[in-house]
Each structure stands twice: as C-alpha cells, then as structure tokens.
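Just below is one structure, and these are the notes that go with it.
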Amino acid sequence: MATALLDAGCVSARRDEPFRLPSGWASPVYIDCRRIISFPKLRRQVVDQGLAHLRAVGALEGVEAIVGGEASGIALAAWMADALDLPLHYVRKKAAGQSQIEGVMHAGDRVLLVDDMMAGGQSKQRFCQALGAAGAQVRDLFIVFDYGTFPTQALLAPLGIRVHALASWRDVLEVARERGDFAPAILSELEVFLSDPAAWSQAHGGRAHYAAAG
Numbered sequence: 004m005a006t007a008l009l010d011a012g013c014v015s016a017r018r019d020e021p022f023r024l025p026s027g028w029a030s031p032v033y034i035d036c037r038r039i040i041s042f043p044k045l046r047r048q049v050v051d052q053g054l055a056h057l058r059a060v061g062a063l064e065g066v067e068a069i070v071g072g073e074a075s076g077i078a079l080a081a082w083m084a085d086a087l088d089l090p091l092h093y094v095r096k097k098a099a100g101q102s103q104i105e106g107v108m109h110a111g112d113r114v115l116l117v118d119d120m121m122a123g124g125q126s127k128q129r130f131c132q133a134l135g136a137a138g139a140q141v142r143d144l145f146i147v148f149d150y151g152t153f154p155t156q157a158l159l160a161p162l163g164i165r166v167h168a169l170a171s172w173r174d175v176l177e178v179a180r181e182r183g184d185f186a187p188a189i190l191s192e193l194e195v196f197l198s199d200p201a202a203w204s205q206a207h208g209g210r211a212h213y214a215a216a217g
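To convert, note that position 5 of the sequence shown is 8 in the working numbering; the numbers rise steadily by one, no gaps.
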C-alpha cells in the first residue's frame, strides 16, 4: 500500500518549511489520501485489502452499518458499504441542525467508522463521541493511512477503539529508501522525525503534546 500511495502522488516531503497539520502538529511529510478517488485500480486495492484485514481480525463481525467521517472518509465508506451490502451513514465534524449523523441509524447498531487517514486523532475522537451519543456502538476504526507518530492512543484508547490501517510513515520510509523516491537528506529528516515526532514538532513550531494546545 505504501508503494501504491507513492505511485499515486499522495506523499509529499520537504525540509525547508514543515507541514502544519490541522491538529497542530508539525511534520516534514504529508499524505493526501484524497487522491485515491481518481485511481480506480487503487480504489479497488484499498477496499479489497481493507476488507481482507478487517475480516482477518474479526472487526466486521456483527457490524450493521458503515460510517464515513466527513469529508474524505465518505467515499471510502461508500465503497466498503457497497462491497458489504450494508447501510451507509456519515458523521459530520460539527452538528448541522439537530444531528451530527446523516443516515437512518438505530440505537444499539454496531458500526465501523471509516476515514482516509489519521494524524493527531482529534477528529476521530469527535466522530466516535458523536456516534456514541447517537446510540451507536463503535469498536473499530479503519483508515488507509496512519501517521503512527503522534499519541492518538491517549484519545482513542479510553473510548475502546481499535485502529486498523494499511500503511504508516515507517512503511513509506522503507519503500522510498529502497526505490530512491526522495533525496537522502529528505529520508534522513524523516528518520529523525520518526525517532521522536513530538520533539521534532516542537522544534519546528508545532505542538509537543495535546495539553499544550488546550
């Protein structure tokens, strides 16, 4: 999957100015999984590999609906719901009118939350909280890409959420090093970042932990 994401141009890296993520963290690399929608073969690969993994770990047992996270997770959730012949819902980042959830959801339904990627994890926490408040049971989150760097467990573990991802920055680093996708200096910077993401973020003007941003 890391190879496919690199080939699709989803990965960007730079040394001069760090990427400022919406969650407040700074990073030398950025992933744009929204590009997946333009590549039919990659779309099918994501769905096939994702469902195979979820079945293997039992994450689809008892699931009654698929929920996409606004906005990038909706298309992926729709493909997976179609493949599974299950109802589709989506959860907004903020409530619109009286509801944050779109679709016909029943209290007690077990749902699979789907999104494209995760960096800081705050939006996933809010999605899970909104679904729980609506009476849904959320035990598993599927994402194509997990930064695998920031302390997302501090947000999701208390909610009992298991995270399933097809690739992370360590996978990208391994493939990029083998293929020479980036200059050695970029690869070295990524290695430094991965060794201590919070310290790298703080040193480059980003947050160092969740409490720092309130």
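Think of the CB as a built atom: it goes at the ideal place given N, C-alpha and C, for glycine as much as any other residue.
In whole angstroms, what separates the C-alpha of residue i from that of residue j?
i, j, result
"E67", "V114", "6 Å"
"A137", "G27", "28 Å"
"S41", "A78", "11 Å"
"Q101", "S191", "49 Å"
"F185", "A99", "42 Å"
"A211", "A139", "33 Å"
"K96", "E105", "12 Å"
"S203", "V107", "Before going on, a small fix: residue 203 reads as Trp here, not Ser. One C-alpha to the other measures close to 44 Å."
"Q205", "T155", "17 Å"
"D112", "R142", "11 Å"
"A216", "D149", "For A216, the predicted structure reports a pLDDT of 33, less than 50, and the residue's modelled location is therefore unreliable. A value from the coordinates is still provided. So the alpha carbons of these two residues sit roughly 22 Å apart."
"P161", "L57", "21 Å"
"P43", "W82", "11 Å"
"H207", "H109", "45 Å"
"T59", "R47", "Per the sequence presented here, residue 59 reads as Ala, with Thr not at that position. Each residue's Cα considered, the two are about 18 Å apart."
"G153", "G65", "Gly is not the amino acid found at residue 153; the sequence shown has Phe there. If you take the alpha carbons of F153 and G65, they lie about 30 Å apart."
"A84", "Q52", "14 Å"
"L197", "E20", "17 Å"
"A7", "D35", "13 Å"
Let's test the definition: count the other Cβ atoms within 10 Å of the Cβ of residue i and tell me whether it reaches 16, buried, or not, exposed.
i, result
"G183", "exposed"
"H92", "buried"
"P25", "exposed"
"Q265", "Shown here, the chain extends from 4 to 217; a query on residue 265 therefore has no answer."
"G209", "buried"
"P200", "buried"
"P187", "exposed"
"S30", "buried"
Would you check whether the ligand MN has a heavy atom nearer than 7 Å to the C-beta of residue i?
i, result
"I39", "Of ligands this structure carries none, so the ligand MN is not represented either."
Could you round the C-beta distance between residue i and residue j to whole angstroms and report it? I think they count as a contact, below 8 Å.
i, j, result
"V175", "L45", "Not really, about 15 Å apart at Cβ, beyond 8 Å."
"A16", "L54", "About 30 Å separates the two Cβ atoms, so there is no contact after all."
"V117", "A80", "4 Å"
"R18", "I189", "6 Å"
Give the secondary structure of residue i by DSSP, where H, G and I count as helix, E and B as strand, and everything else as coil.
i, result
"F153", "coil"
"Q48", "helix"
"H56", "helix"
"D118", "strand"
"R180", "helix"
"A16", "strand"
"I77", "helix"
"G100", "coil"
"V221", "Missing from the structure shown is residue 221; the chain here goes from 4 to 217 and no further."
"S30", "strand"
Please say whether residue j and residue i have beta carbons closer to each other than 8 Å?
i, j, result
"R61", "F130", "Note that residue 61 corresponds to Gly in the displayed sequence, not to Arg. Not closer than 8 Å, so no."
"R38", "G12", "yes"
"H167", "L134", "no"
"D119", "V94", "no"
"L89", "G124", "no"
"A170", "A5", "yes"
"L193", "V32", "yes"
"V180", "G151", "Note on identity: in this sequence residue 180 is Arg, with Val being the wrong assignment. Cβ distance not < 8 Å, so R180 and G151 don't count as in contact."
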